[in-house]
Amino acid sequence: MRIGILGGTGPAGRGLAVRLARAGEEILIGSRDAERADAVASGLVEAWPGHHLSVSGAANEAAAECDLIVVATPWDSAVATLKPLAAGLEGKVVVSMANALVKEGREFLALLPSRGSVAASIQAALPLSLVSASFHHLPASDMENLDAPITADVLVCSDHFEASKATVALVDSIEGLRGVDAGSLAQAAPIEAFTAVLVTVNIRHKVHTALQLAGYGDPR
Ligand SMILES: NC(=O)c1ccc[n+]([C@@H]2O[C@H](COP(=O)([O-])OP(=O)(O)OC[C@H]3O[C@@H](n4cnc5c(N)ncnc54)[C@H](OP(=O)(O)O)[C@@H]3O)[C@@H](O)[C@H]2O)c1
163 MRIGILGGTG PAGRGLAVRL ARAGEEILIG SRDAERADAV ASGLVEAWPG HHLSVSGAAN
223 EAAAECDLIV VATPWDSAVA TLKPLAAGLE GKVVVSMANA LVKEGREFLA LLPSRGSVAA
283 SIQAALPLSL VSASFHHLPA SDMENLDAPI TADVLVCSDH FEASKATVAL VDSIEGLRGV
343 DAGSLAQAAP IEAFTAVLVT VNIRHKVHTA LQLAGYGDPR
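This is the structure:
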């Protein structure tokens with residue numbers, strides 16, 4: 163499967179790209195600037211020569227032609243990035259990992275996007291796409307470092323069964339991660355907002371936390 167990561171040149175997109183590529187997926191990193199995407203993709207491949215990662219770069223428009231799309235832009239540019247691409251995204255799974263947060267001092271606070279979550283705003287902008295929300299709580303720096311073991315439960319929500327199933331499968335393909343179907347897209351609001359708590363814990367305690375659900379079967 164070819165996976166396009168829009169805004170994939172940032173830390174979140176890069177981290178997801180290398181983990182998914184190590185799992186055997188073909189990744190196209192998207193950017194507003196195709197040359198920047200190409201340079202970032204080459205840098206990732208060169209950083210992990212032993213893994214033979216299939217990561218290349220292109221404009222966001224080309225990345226949107228992939229089979230499954232991940233949105234890794236800042237939260238307030240996600241809809242503007244996707245809307246012009248809506249026709250080509252019809253019927254496709256579009257995964258939002260964007261969190262609406264603001265930093266105040268040593269704390270991150272959750273903002274309330276219109277419609278309650280970034281993912282719900284994206285679904286409203288792409289009514290014929292299958293939007294899911296996931297990957298919100300994963301620390302990008304650990305994700306990008308393939309030498310760093312990462313163990314986490316990753317919450318997934320969507321109003322479309324097919325999108326939840328495909329996104330859980332995508333999460334499960336990454337070593338150490340377990341996808342957890344957390345319900346409808348209404349759950350994206352608390353999932354996105356909770357990122358503010360985790361990031362604040364990380365800052366206060368100088369750690370990189372990841373979510374693990376006690377009692378949800380055997381942990382990975
Ligand atoms: N960082 C984390 O640990 C982490 C973890 C989980 C989820 N997230 C979420 O994932 C998303 C990306 O995080 P990030 O830290 O990678 O963010 P970022 O570095 O600020 O942005 C990611 C990319 O988005 C593109 N971009 C920036 N401004 C844009 C605009 N106005 N319009 C369109 N594209 C724009 C840029 O790519 P080009 O300039 O190449 O187009 C940039 O490299 C955020 O919504 C964040 O909440 C982050």
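Residue numbering for the sequence shown is 163 to 382, as defined by the working numbering.
Built from N, CA and C at the ideal position, the CB exists for glycine as well.
Are the CB atoms of isoleucine 336 and arginine 181 nearer to each other than 9 Å? yes
In three-state DSSP terms, what is isoleucine 165? strand
Tell me whether histidine 213, by its Cβ, gets closer than 8 Å to a heavy atom of ligand 1. Result no, Cβ not under 8 Å from ligand 1.
Cβ of alanine 242 versus every heavy atom of ligand 1: is any distance shorter than 8 Å? Yes, ligand 1 has a heavy atom inside 8 Å of this Cβ.
Check: asparagine 307 C-beta below 8 Å from any heavy atom of ligand 1: no
Give the DSSP-derived three-state secondary structure of serine 239 in the structure shown. Per DSSP, reduced to three states, the secondary structure at serine 239 is helical.
Could you check if histidine 214 is buried or exposed, using at least 16 other CB atoms within 10 Å of its CB as the buried criterion? With a 10 Å radius around the Cβ and a threshold of 16 neighbouring Cβ atoms, histidine 214 comes out exposed.
Check: leucine 300 C-beta below 8 Å from any heavy atom of ligand 1: A heavy atom of ligand 1 is found nearer than 8 Å to the CB of leucine 300.
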